[in-house]
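Below is one structure; the comments refer to it alone.
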Amino acid sequence: MHFNEMPFEDAIPVEGYGPGMFRIAGQVHQGAVLLCGAKVVPWGGYADRDSLLELKDQIDFIIIGTGPDMTHLPKEFREVFEAAEIGLEPMATPTAARTYNVLASEGRRVAVALLAV
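In the working numbering, the protein residues as written are 3 to 119.
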């Protein structure tokens, strides 16, 4: 899927996605990814909590793309972020990517961690 262009100042958008991949800033990234501002890095999924916890002072909340369908976040994962007072918003990855793009284009302090579809 390909998304329409929106203006971005201090963030890079998710331009598209497909089976096992994302297109971000003109480059294809395989597997799960984490975007925050102008930074995109591989994400290790629910076991990779540290890379998300490091964002605490940079963001207001993190959108979690749970794959092709919306699923509940694992309890242990949720509890770590509740203790750190970091809000999580889980949603299906396609919805998460679109939501992130809109919020980032508005200049919101948001990150997105996306599991591949």
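In this text, a Cβ means the ideal position worked out from N, Cα and C, and glycines have one as well.
All of these numbers come straight from a predicted model, not from anything done at the bench.
Note on geometry: alpha-carbon atoms of V35 and V112 lie some 14 Å from one another.
Shown here, V119 sits in coil according to DSSP, grouped into three states, outside any helix or strand.
Note on the segment 64-106: whole alpha helix (DSSP H) runs with a minimum of 4 residues are 77-85, in chain order.
If you look at L55, you'll find it in the alpha helix (DSSP H) that goes D52 to L55. Contact annotation: L116 and A94 have beta-carbon atoms that are not nearer than 8 Å.
For Q32, the enclosing beta strand (DSSP E) stretches over residues Q29 to Q32. In the structure shown, the three-state DSSP call for G47 is helix.
Looking at the DSSP output, A113 shares a beta bridge with C38 and I64. Secondary structure of E17 (DSSP, three-state): strand.
Listed in chain order, the non-local C-beta contacts of P70 below 7 Å within the same chain comprise A94, T95 and V119, local neighbours out to five positions each way being set aside.
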